[in-house]
Structures are given as C-alpha cells and as structure tokens.
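Presented below is the structure to which this report refers.
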Amino acid sequence: MLAYIDKIKEISGKLLKDGKVDMVIGFRKGSMPMMNEPCFVREAADVQNLVWDSNCGINLANYLAGRKEKIGIIAKGCDTRNIVTHIVENKIKRDQLTIIGVPCKGMIDRRKVSERFEKEIIEAEEKNGSVIVKSADAEDTLKKEDLLQDNCSICIHRNPVIYDELAADLVEEQKDVDRYADVRKIEAMSAGEKWRYFEDLLAPCIRCYACRNACPLCYCPTCFVDESQPQWVGKTLDPVDSRTFHFLRAYHCAGRCTDCGSCVRACPMGIDVRAFTKKLEKDALDLFGWEAGMSVEERPPLDTFKPDDPEAFIK
Amino acid sequence: MEIIKINKKDWNGGLAKSRKAYRLYGPIRVADKYFSEFGALAEDEVPDMSATDTRLSPKSIAFPPSEVMLEYTLDENSEDCNIMKVPEKEYPHRAIIGIRPYDAAAYLLVKKNFDTSEVRDPYWCDAYDACTFIGLAVQEPSLLDFSTSTNSGPFDESGLDVLLVDAGDSYLAKVITDKGKAYLKAAGWGKEAGKDAAGKIEALKKKAEAKIQSSVSFDNIRQKSVMELFEADFWEDTAFACMNCGTCTYVCPTCWCFDIQDETHGKKGVRLKVWDSCMYPLFTLHTTGHNPRDAKVQRVRQRFMHKLKYFMDKYEDGIMCVGCGRCIRSCPVNIDIRNVCQLMNG
Ligand code: SF4
Ligand code: SF4
Ligand code: SF4
Ligand code: SF4
C-alpha cells in the first residue's frame with residue numbers, strides 16, 4: 001500500500017492544478033508512531049505532505065458533511081461506502097466530489113501492536129506485509145495481517161465502490177470470510193449473559209462520545225444526548241445513561257453502518273462499540289439483503305417501504 | 316532535606332501498615348492490558364510502580380467525572396422540601412502513591428481555579444487537602460513527555476509531599492513536606508539514606524532530564540496580543556482533523572471544566588458536578604439558542620488559547636499544561652499540542 005502514495009500525490013496535484021477541485025482531503029504524517037492526521041490540501045505544491053500507509057484508518061467521509069467546496073477525497077473501500085451514504089442522505093453532492101479511490105489492504109490497530117510489547121512503541125515501519133516495531137527496550141518484526149483492525153480482517157469490500165480516479169489496481173477481495181462469528185456468539189447467550197456482556201463492555205465508557213464523533217453517520221445537528229430542552233439522557237456515568245446512549249446510537253446506525261471501524265479506533269477507552277452496530281448490520285443483511293453504501297441509486301431499508309418487503313420477522 | 320531509604324522488600328509491608336491511617340490510591344494495571352489507570356487500591360492491591368503513565372490522569376481523585384454537590388427532596392410532606400442540602404461527605408486521609416511529578420504539578424494549576432481568594436470549591440479543596448502525594452520520579456520518560464519545558468519535569472517536587480526515586484533495590488524517598496513525613500512514619504519507613512543520597516538523586520535527575528526528547532517554547536506567546544493569536548491564519552488547518560470528541564480534555568490532568576446538572580428520581584434529586592469540555596458545542600450553548608462557539612474551529616482555538624495564552628495572561632504564570640503528553644497519545648486524529656504551541660509561538 002505504501003506504493004500508492006506517489007500516484008495519490010500525482011492525481012491530487014493534477015486535480016488542484018487543473019482547478020477541478022478546491023481542496024483534497026487526505027492524510028498527513030502524524031507526530032507519533034502508527035498515527036496519521038486527516039488534513040486538507042489547497043495548493044498543488046502541498047500535495048507533498050500527503051501520506052498513505054496502514055495508519056489511515058480514520059474514515060474521511062466524516063469530513064465531508066455540509067461542505068460547499070469542490071472536493072477531491074482520498075477514499076478506501078469503507079470510506080467510499082460512507083460517501084455513498086452521505087450522497088444518498090444529501091450530506092454532500094456527487095458532483096462536488098472527485099473520489100480518489102484507494103484499494104485497501106487493511107488498517108493497523110495500534111493497540112494490537114502496543115499489546116505485544118512491555119514498553120512504549122518508539123517506531124513502527126511497514127515493509128512488504130510486515131511491520132518492524134521498535135519499543136523502548138525491544139524490536140520485533142510482526143506480520144501486518146495479525147495487527148489489522150478487527151473490521152479490516154473481515155472486510156469484503158476493500159475496493160472503493162465508487163470512484164473517479166484510482167490510486168492503484170483493484171485488489172482481490174477477501175473470500176470465505178465469516179463476518180458474524182462474534183455476533184452469533186452474543187446471539188447464543190441467554191438474556192442474563194447478554195446483559196452482563198454489555199454491562200462489562202460499557203463499564204469503562206467515559207461518555208466522551210468520540211465513537212459518535214468519529215462516525216460519518218452521526219451528523220445530526222444536535223445529537224439526542226446533547227438535547228437540553230428536554231434532556232433525554234443524564235450526563236453522569238450512570239450505567240443506565242451510558243446504555244441508553246449506546247443502544248440508541250446503534251439503532252440510529254441500523255442499515256447505514258458500513259463497519260468501517262472508525263468508532264472503535266477513536267474510543268480512548270478501547271471499547272469495541274462495533275459489538276452493537278454489527279448485530280444491526282447483520283440483521284440488515286439477513287432481513288433485507290442489504291449492505292450499506294453500495295449504490296447511490298438505493299435508499300437504506302429503514303427509510304423506504306416496499307409492498308414486497310420480506311418482513312418475515314414481523315409476521 | 317531529609318532522605319529516607321526504603322528497601323523494596325519493605326515496600327508492600329509499609330503500604331499495608333499505612334492503610335491503618337490512609338486510604339491508598341495508585342496506578343493499577345488494567346487486566347490483560349498494556350496500560351494502567353489511577354484509582355483507589357483494593358485491600359490487598361499494590362500500585363503498579365512500573366507504569367510509565369496512566370491512561371486517564373489522576374485528577375479524578377479530587378475531581379471525579381461526576382460528583383453529588385447537593386441533595387434535595389420535592390416531597391411536600393417533608394420539612395426540607397425544595398431545600399438544597401450538602402450531603403455528608405467524608406474526606407479520610409488519602410495517600411496518592413506513585414503519582415508522577417507532572418500530574419501532581421497539575422493539581423497546583425487546577426488549584427488556581429478551584430481555590431482562589433474569592434471562591435473555594437469545597438468539593439475539590441476538601442478532597443485535595445486530604446491527599447498526601449507520594450510521587451514517583453520519572454526515570455524512563457515516554458516519547459511524548461515534554462514536562463521539562465512546562466516548568467515541571469521528571470523530578471519536579473512542587474506538587475509533592477514525598478518524591479520517590481527508584482534506586483534499584485530500594486527507593487530513595489525525599490521528604491518535601493510534613494504531610495509527607497507523616498505518611499512515611501505511618502508506613503514505618505524511617506531509615507536515613509546516608510550522605511551520598513542527595514547527590515545520587517541529583518545525578519538520576521540529570522539523567523532523566525537528558526532523556527526527555529521533546530519540548531515546547533512559549534516565550535513569544537507571552538508577548539503576542541490575544542487578538543493576533545486569535546486571528547492567526549493557522550487555526551483552520553489545525554482544527555480540520557479534530558472531531559470534537561473531547562478526549563484530549565478528559566485525559567488531561569489540568570482540564571477542569573464542569574457542567575452542573577440536576578437529576579431527579581421520583582421525589583428525590585441531586586445536583587451534580589459533571590466533567591464537561593470546551594470541545595463540545597453544548598458547552599457554550601445559550602438558552603436563547605445562540606452559540607458563541609458554534610464552529611469546530613472556534614472550539615479548537617479555545618482549547619489551545621486557554622491552555623497556552625489566556626491562562627498565562629490571567630495568572631501571570633506559565634502554560635496550563637504540564638507536558639504529560641496524554642492528549643497527544645489519546646487523540647484519535649493525532650492533534651499535537653506541541654505543534655500548535657510552536658505555531659502560536661512562531
Ligand atoms: S458505527 Fe462505527 S463502524 Fe459503523 S459507520 Fe459509524 S464509525 Fe463506521
Ligand atoms: S468513545 Fe468510548 S468512552 Fe467515549 S462514549 Fe464512545 S464508547 Fe464511551
Ligand atoms: S482528542 Fe483530538 S479529535 Fe478529540 S477533541 Fe481533542 S483534538 Fe479534537
Ligand atoms: S494539555 Fe496535554 S500534554 Fe498538557 S497536561 Fe493536558 S494532557 Fe498533558
């Protein structure tokens with residue numbers, strides 16, 4: 001994936017020079033290992049600052065909603081699906097966008113790297129499917145595939161679903177992936193076990209809402225948890241309130257979530273909030289044969305009605 | 316200055332002994348994880364003295380994420396109906412074991428806000444006064460530690476009652492205050508460390524300071540006018556990636572903002588002090604619906620202007636940051652206060 005960057009710079013530079021776009025949204029190098037920072041570039045000369053590697057997990061579609069400029073956006077598979085969702089939901093216009101598609105091979109979960117070392121990570125360099133990691137007192141070469149974000153290791157849409165330019169040849173999609181083993185495990189639990197599972201999952205939550213803010217779907221002008229007249233949800237760490245937030249947010253993402261993993265990546269407490277959204281994502285597939293963000297022609301199942309909906313679960 | 320030598324063999328025993336008079340707090344290794352969190356130690360729990368840092372800062376010991384300030388009843392049959400009452404609170408002696416010097420220094424910055432000549436926040440102050448800070452010098456600073464340039468540093472004593480320095484099979488405990496002395500006594504540690512101890516601490520301090528790789532400077536920020544910085548042209552670029560998640564302010568040992576909330580269940584209710592953040596739009600929303608900091612860029616600017624300019628001007632002090640690096644480590648999009656400080660100082 002490292003090789004993509006030259007092409008990305010070339011395309012971005014040309015788009016800016018030709019005046020096709022006012023800005024390109026991408027990533028620039030971060031100030032610590034395994035981190036990059038979303039950024040925009042307005043001048044062709046500045047495309048030199050753009051980077052692309054396996055630390056670009058933040059979903060850039062999140063930076064589009066409501067923008068007025070003509071935008072070039074560097075987008076991996078899941079980003080493009082959220083761009084599609086934005087277009088369908090009128091958060092951005094298709095003709096405002098020049099999508100620079102990036103066939104993706106998965107993003108690194110930096111926590112998985114940290115977990116393997118006793119001390120702080122000082123440096124991590126990617127090379128041919130491996131990551132050479134230096135910590136304060138050790139060095140090791142790890143296989144990238146062992147370090148992927150959970151959502152990336154089960155991703156079946158690595159290629160952009162919509163694009164105007166391509167940064168590289170399309171990659172082979174992962175086959176025979178069991179996407180829902182974890183959901184089935186929870187489904188099989190008794191009510192009491194489920195309750196405990198989710199209580200434990202949410203116990204560390206500090207209600208910062210980073211998960212929500214990192215999610216391209218969560219663009220409501222005022223989130224229900226921020227309403228103050230009336231106030232629906234309490235502000236303390238009372239489990240009732242945390243639970244309310246997470247359940248409601250998840251339902252709000254039903255049939256829209258692309259499983260991009262941005263929410264999990266952003267959570268400072270390392271909570272796997274996908275445990276909620278994934279169940280709904282699975283239901284959308286099982287009940288409506290629906291995968292979010294695959295086509296600008298179709299509206300998500302929960303905001304349409306068809307007389308021939310299967311509806312087997314209501315009958 | 317008195318220096319006590321604590322043999323590590325006597326460490327757990329001393330902690331146990333001190334529990335008779337103190338409630339202990341310290342870094343606790345999170346099960347199966349690579350990091351620790353600060354918290355109250357259970358009966359038989361010992362602090363994780365190997366933790367470079369805790370993920371959240373120890374500010375919550377005096378400033379919990381939510382705290383009951385007042386209680387009330389709406390029951391008209393009660394003679395206390397509609398009267399706000401301060402709940403009974405206890406502030407037993409607490410020993411904060413293994414707090415890092417910059418985190419203790421952060422308490423002093425927060426104190427400037429909660430304990431002024433005009434107002435005293437009783438909740439924060441009472442909890443703070445009950446604390447004895449038994450700090451642990453930073454000898455292996457993290458990549459993100461820039462505390463030497465923020466008026467703190469790896470061996471900073473300003474916020475501490477005792478400074479522990481790891482000397483291999485023992486700790487050298489530098490007694491800084493009477494409170495600290497009392498704690499050491501309660502733990503039964505009293506062996507004088509000998510004449511060369513002070514020199515040894517000084518040498519280890521130099522060594523630790525030399526290991527710190529990053530720094531900030533803010534001399535020019537002091538000279539610049541508020542408006543010059545406020546209207547600087549880099550804010551749009553700086554703020555772009557920010558998702559206003561507030562993580563940076565929640566993990567920060569010096570961020571002190573809170574909201575006041577009433578919660579009523581049936582006829583009983585409480586008035587709460589709850590963490591809040593300048594990164595949230597709701598923070599500044601007026602009842603009229605007007606929001607003076609409606610845009611993300613305004614909120615990001617506020618965070619940095621408060622930390623790096625307003626605080627400095629108001630208190631005629633340094634910056635409102637001790638250089639722990641937590642906000643950099645936890646920010647999901649890698650917004651780095653060191654870079655912003657450099658831009659502002661530029
Ligand atoms: S809920 Fe999480 S995984 Fe789903 S679209 Fe939002 S950020 Fe991505
Ligand atoms: S980001 Fe994590 S800690 Fe913050 S509200 Fe979401 S789940 Fe809770
Ligand atoms: S942690 Fe980062 S993204 Fe979140 S509010 Fe702070 S600067 Fe913005
Ligand atoms: S602003 Fe950042 S580096 Fe400074 S004290 Fe707060 S968390 Fe630490």
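Protein chains in written order, with our numbering: chain A, 1 to 315; chain B, 316 to 661.
Glycine is no exception: its CB is placed at the ideal position from the N, C-alpha and C atoms.
This one's a predicted model, so the numbers in the text were calculated from it and none came from an experiment.
Under 8 Å between C-beta atoms of residue i and residue j
{"i": "CYS593(B)", "j": "ARG614(B)", "result": "yes"}
{"i": "LEU248(A)", "j": "PHE224(A)", "result": "yes"}
{"i": "ASP363(B)", "j": "PRO342(B)", "result": "yes"}
{"i": "PRO216(A)", "j": "ALA61(A)", "result": "yes"}
{"i": "SER532(B)", "j": "SER464(B)", "result": "yes"}
{"i": "ASN36(A)", "j": "VAL51(A)", "result": "yes"}
{"i": "VAL637(B)", "j": "SER375(B)", "result": "no"}
{"i": "VAL264(A)", "j": "PHE245(A)", "result": "no"}
{"i": "ALA452(B)", "j": "PRO469(B)", "result": "yes"}
{"i": "LEU287(A)", "j": "CYS253(A)", "result": "no"}
{"i": "GLY106(A)", "j": "THR80(A)", "result": "no"}
{"i": "CYS260(A)", "j": "ASN82(A)", "result": "yes"}
{"i": "THR73(A)", "j": "ILE132(A)", "result": "According to the sequence displayed, residue 73(A) carries Ile and not Thr. Going by C-beta atoms, ILE73(A) is not nearer than 8 Å to ILE132(A)."}
{"i": "LYS93(A)", "j": "VAL21(A)", "result": "no"}
{"i": "ALA168(A)", "j": "LYS29(A)", "result": "no"}
{"i": "GLY566(B)", "j": "PRO268(A)", "result": "Per the sequence presented here, residue 566(B) reads as Val, with Gly not at that position. Yes; because the gap between Cβ atoms is below 8 Å, this pair is in contact."}
Partner residues on chain A for residue i, Cβ-Cβ distance less than 9 Å
{"i": "GLN576(B)", "result": "GLN231, GLY234, LYS235, THR236"}
{"i": "PRO380(B)", "result": "ILE206, ARG207, THR236, LEU237"}
Backbone secondary structure at residue i - three-state DSSP
{"i": "MET23(A)", "result": "strand"}
{"i": "ASN283(B)", "result": "Residue 283(B) lies beyond the residue range present for chain B, which begins at 316 and ends at 661; the question has no answer from this structure."}
{"i": "GLN174(A)", "result": "coil"}
{"i": "TRP590(B)", "result": "strand"}
{"i": "GLN229(A)", "result": "coil"}
{"i": "PHE378(B)", "result": "coil"}
{"i": "GLU193(A)", "result": "helix"}
{"i": "GLN454(B)", "result": "coil"}
{"i": "PRO407(B)", "result": "coil"}
{"i": "PHE555(B)", "result": "coil"}
{"i": "ILE100(A)", "result": "strand"}
{"i": "ALA357(B)", "result": "coil"}
{"i": "HIS601(B)", "result": "coil"}
{"i": "THR447(B)", "result": "strand"}
{"i": "VAL585(B)", "result": "strand"}
Where residue i meets chain A, residues with beta-carbon distance less than 8 Å
{"i": "SER457(B)", "result": "GLU120"}
{"i": "ILE643(B)", "result": "SER31, MET32"}
{"i": "THR367(B)", "result": "LYS119, GLU120"}
{"i": "VAL615(B)", "result": "Those within 8 Å of VAL615(B) in chain A number zero; the least Cβ separation is about 13 Å."}
From the options, residue whose alpha carbon lies closest to that of residue i
{"i": "ARG644(B)", "options": "MET34(A), ILE25(A), LYS194(A)", "result": "MET34(A)"}
{"i": "LEU459(B)", "options": "ASN654(B), GLY640(B), LYS624(B), MET659(B)", "result": "GLY640(B)"}
{"i": "ARG196(A)", "options": "ALA210(A), HIS157(A), PRO239(A)", "result": "PRO239(A)"}
{"i": "ALA75(A)", "options": "GLY66(A), ALA65(A), ILE92(A), GLY57(A)", "result": "GLY57(A)"}
{"i": "LYS324(B)", "options": "TYR486(B), TYR443(B), HIS408(B)", "result": "TYR486(B)"}
{"i": "ASN428(B)", "options": "TYR443(B), SER529(B), TYR595(B)", "result": "TYR443(B)"}
{"i": "ASN327(B)", "options": "SER432(B), VAL655(B), GLY503(B)", "result": "GLY503(B)"}
{"i": "LEU147(A)", "options": "ASP109(A), LYS7(A), LEU16(A)", "result": "ASP109(A)"}
{"i": "ARG334(B)", "options": "ALA497(B), ALA366(B), ILE650(B)", "result": "ALA497(B)"}
{"i": "TYR163(A)", "options": "THR98(A), ASP226(A), ALA292(A)", "result": "THR98(A)"}
{"i": "SER135(A)", "options": "GLU118(A), ASP150(A), GLY129(A), PRO230(A)", "result": "GLU118(A)"}
Within chain B, the residues that residue i reaches when beta carbons sit closer than 7 Å
{"i": "MET35(A)", "result": "ASN649"}
{"i": "SER114(A)", "result": "TYR349"}
Cβ neighbour criterion (16 or more within 10 Å) applied to residue i
{"i": "LEU389(B)", "result": "exposed"}
{"i": "CYS220(A)", "result": "exposed"}
{"i": "MET189(A)", "result": "exposed"}
{"i": "GLU546(B)", "result": "exposed"}
{"i": "ARG616(B)", "result": "buried"}
{"i": "TYR213(A)", "result": "Note that residue 213(A) is Asn in the sequence shown, not Tyr. With 16 or more Cβ atoms within 10 Å of its Cβ, ASN213(A) is classed as buried."}
{"i": "LYS522(B)", "result": "exposed"}
{"i": "ASP493(B)", "result": "exposed"}
{"i": "PRO416(B)", "result": "buried"}
Chain B contact residues for residue i, given Cβ-Cβ distances below 8 Å
{"i": "ARG265(A)", "result": "PRO647"}
{"i": "ASP226(A)", "result": "TYR595, PRO596, LEU597"}
{"i": "ALA284(A)", "result": "Residues of chain B passing the Cβ test: none, with the nearest at roughly 25 Å."}
{"i": "ILE99(A)", "result": "The premise fails here: ILE99(A) is roughly 19 Å from chain B at the closest Cβ pair, so nothing lies under 8 Å."}
Distance cut-off 7 Å: residue i Cβ against heavy atoms of ligand 5
{"i": "LYS622(B)", "result": "The model on display carries ligand 1, ligand 2, ligand 3 and ligand 4 but not ligand 5."}
Contacts that residue i makes with chain A (C-beta to C-beta distance below 7 Å)
{"i": "ALA556(B)", "result": "GLU37, PRO38, CYS39"}
{"i": "CYS662(B)", "result": "Examination of residue 662(B) is not possible in this model, given that chain B is present from 316 through 661 alone."}
{"i": "ASN660(B)", "result": "Within chain A, no residue comes near ASN660(B); the closest Cβ sits about 16 Å away, beyond 7 Å."}
Cross-chain neighbours of residue i in chain B, by beta carbon under 9 Å
{"i": "ALA136(A)", "result": "THR367, GLU455, SER457, LEU458"}
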